[in-house]
Each structure stands twice: as C-alpha cells, then as structure tokens.
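Shown next, in structure tokens, is the structure this report addresses.
Numbering (my numbering), first residue to last: 25 to 184.
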C-alpha cells in the first residue's frame, strides 16, 4: 500500500505562495520595447510632481537638521534616502531649487512636522506608483514609498 504524500507545512505554503505572487507581480522579464510616447507624456506630470515633493521633503529635512542639531542623527537616514531617491527620479537635479521651508522653533514640533510631511509623501508616492503607466517608473515610485515608510518606522512613535 503506497504511503500518502506528506502535506506541506504552513511556512512552506506561505513561502511558495509569496514567491509565486512576487513572480506574478513583477513579470517574468523586462520589456525590451520602449513604451509609446503617450505613456511617457502621461507620466511626465506625475514624475514632475513626485520630484517636487521629494525635493521639498529633502529640503525640510535639511532645514530641520540645520536648525535643530540634536535631530541630525535621527534624520540622517531619511536625508540619505531622499538623496538616493532623487538620484533615481531626478538625475539632472531639475527639482532641487525649492524654497527653504519654515522650521518650527521647538525640536519636537519640528520632528512632528517632518513626520507629517513624510507620511503625506509616502501616501502620494504609493498613489503615483499605482497611477504610473510605465513599469520602471511605477517600481521606482513604489520603492521610494517603501524607503520613506521604512525611515518613518525608525523615527519611532514619539515623533508622531
């Protein structure tokens, strides 16, 4: 009498389903054809908005670090994340000429201001990632949203 096949563990089932979902979501390969010009023009304003918001958030983080030196260590990762995101989304530096934002006089309020700005930025990046017609742009925006969210998690609850 043949022995029955063992059933997979819950962990194995979750890993396999996660990997399958990941492969399905990313596709099996990259497209070798350029998207139509319509796609590029549709994403142009979206990309400009994302660049402007990222540059504005980076400017706020820089201003808060300058005004409140005690916050420099806590905001270092966030500033580096924005620099990296802008290198990807704005390699020519077109959106970097933003006006210096107002910084609250007290450090806790300044930190809360950064957190509010970053939470808004993360939501907008997700929205733009979903709306993007271009796959590479959607991935870059989603990665930026994930990076901002990770940095927010490191700031801790007391910053909210």
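Every residue, glycine too, gets a C-beta built ideally from N, C-alpha and C.
Collapsed DSSP secondary structure at residue i in the structure displayed
{"i": "residue 106", "result": "helix"}
{"i": "residue 101", "result": "helix"}
{"i": "residue 117", "result": "coil"}
{"i": "residue 66", "result": "helix"}
{"i": "residue 93", "result": "helix"}
{"i": "residue 123", "result": "coil"}
C-alpha distance - residue i paired with residue j, whole-angstrom precision
{"i": "residue 79", "j": "residue 130", "result": "23 Å"}
{"i": "residue 144", "j": "residue 158", "result": "23 Å"}
{"i": "residue 128", "j": "residue 71", "result": "29 Å"}
{"i": "residue 117", "j": "residue 149", "result": "19 Å"}
{"i": "residue 169", "j": "residue 83", "result": "17 Å"}
{"i": "residue 110", "j": "residue 152", "result": "15 Å"}
{"i": "residue 179", "j": "residue 89", "result": "14 Å"}
{"i": "residue 123", "j": "residue 93", "result": "21 Å"}
{"i": "residue 95", "j": "residue 139", "result": "13 Å"}
{"i": "residue 167", "j": "residue 154", "result": "12 Å"}
{"i": "residue 136", "j": "residue 69", "result": "29 Å"}
{"i": "residue 142", "j": "residue 132", "result": "15 Å"}
Cut-off 8 Å between Cβ atoms - residues of its own chain near residue i, not counting five sequence neighbours on either side
{"i": "residue 114", "result": "75, 78, 79, 120"}
{"i": "residue 125", "result": "80, 83, 84, 87"}
{"i": "residue 146", "result": "169, 172, 173, 176"}
{"i": "residue 73", "result": "148, 152"}
Terminal residues of the alpha helix (DSSP H) in which residue i lies
{"i": "residue 132", "result": "131-155"}
{"i": "residue 160", "result": "159-179"}
Own chain partners of residue i with C-beta closer than 7 Å, once the 5 adjacent residues on each side are dropped
{"i": "residue 66", "result": "157"}
{"i": "residue 5", "result": "Coverage of the chain is limited to positions 25 through 184, which leaves residue 5 absent and any answer about it impossible."}
Other residues of its chain near residue i: CB distance less than 6 Å, five sequence neighbours each side excluded
{"i": "residue 112", "result": "164"}
is_contact[residue i, chain B] using C-beta, thresh 7 Å
{"i": "residue 85", "result": "No chain B is part of this structure, which consists of one protein chain only."}
If you pair each beta-carbon of the region 98-112 with each one of the region 168-176, do three or more pairs fall below 8 Å?
-> yes
Is it true that the region 89-103 meets the region 155-162, where meeting means three or more beta-carbon pairs spaced less than 8 Å apart?
-> no
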